[in-house]
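Participant: In short: position in the sequence shown from 1, add 336, done, that's my numbering.
Cβ coordinates follow ideal geometry from the N, Cα and C atoms, glycine included.
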Amino acid sequence: MVLAPLMGPILGLSFGTVIKDKMLIKKAAKSEIFGFLISVLCGIIIGVLYYLLNMFYSLYYEPNIFPFPNVASEEILSRGLVTIVDILLALVIGVATGFSLTGGKFYTSLVGLAVGASLMPPIVNIGVALVLGLFNVSLGSLSIALVNISCINITALIVFKIKKIRKPSKIWIRWWRQPKLPEEELEEESPEGEE
């Protein structure tokens, strides 16, 4: 998903925990960490571009068109404090995420949009704030991101428990993991005489 690259790993972590699948938990955790680091790297790149644009405009055009280094924008600063709204939003999104996977009436793309809107800005802001030297804001953004991820995981886990999601039976697992025939062999041959 473009907007919510962390939605799949978050669901995988919660789902793997419920069905006690260690491989799924491990893969989901790796993917979540990797996606988190890529998002922070994107924020660092955006922060560097922001800094370079400010330097360029201050040398050749009007000085202080961009607020750096004097003042960071309100949007950057607002992502530096965990509020009750952030926590409530993450809890609601976690419930919607859990229901989207278990057959509720939530569209996965809509839930992905909500997850992206709650997770990506603080994670990217970590990198932007680091480049701008706003270490407290960066730490605050990290705490917002971790609180959001934790709340989404916990509430999705609760939804999975309420919906009684459990590990598949051994018979189903054996059937699922049986060797499959190649696609060509599965096609039925036409009866004799017909071509």
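In chain order, what residues of the same chain lie with their CB nearer than 7 angstroms to the CB of L425, ignoring the 5 residues before and after it?
Facilitator: Result list for L425: S454, in chain order.
Participant: Would I462 and S477 qualify as a contact pair, given that the criterion is a beta-carbon distance under 7 angstroms?
Facilitator: Yes; because the gap between Cβ atoms is below 7 angstroms, this pair is in contact.
Participant: Tell me the rounded alpha-carbon separation between M456 and A365.
Facilitator: Cα-Cα distance, rounded: 17 angstroms.
Participant: In whole angstroms, give me the CA-to-CA distance for V407 and K497.
Facilitator: Legend: pLDDT at V407 = 49, less than 50; position of this residue unreliable, no value from coordinates given.
Participant: Residues in the same chain with beta-carbon distance under 7 angstroms from L427, minus the five sequence neighbours each way, listed in chain order, please.
Facilitator: Excluding sequence neighbours, L427 sits near C487, T491.
Participant: Using the three-state DSSP reduction, which class does S409 fall into: helix, strand or coil?
Facilitator: Three-state result, S409: coil.
Participant: Look up I501 in the DSSP assignment and say whether it is helix, strand or coil.
Facilitator: I501: coil per DSSP, three-state reduction.
Participant: Please state the DSSP three-state secondary structure of T438.
Facilitator: If DSSP states are grouped into helix, strand and coil, T438 belongs with coil.
Participant: In terms of residue numbering, what span does the alpha helix (DSSP H) encompassing T353 cover?
Facilitator: That run of the alpha helix (DSSP H) goes 343-355.
Participant: What three-state label does DSSP hand M337 in the structure shown?
Facilitator: In this prediction, M337 has a pLDDT of 47, which is less than 50 and means its spatial position is unreliable; what the coordinates show is noted afterwards. The answer is coil: DSSP assigns M337 none of H, G, I, E or B.
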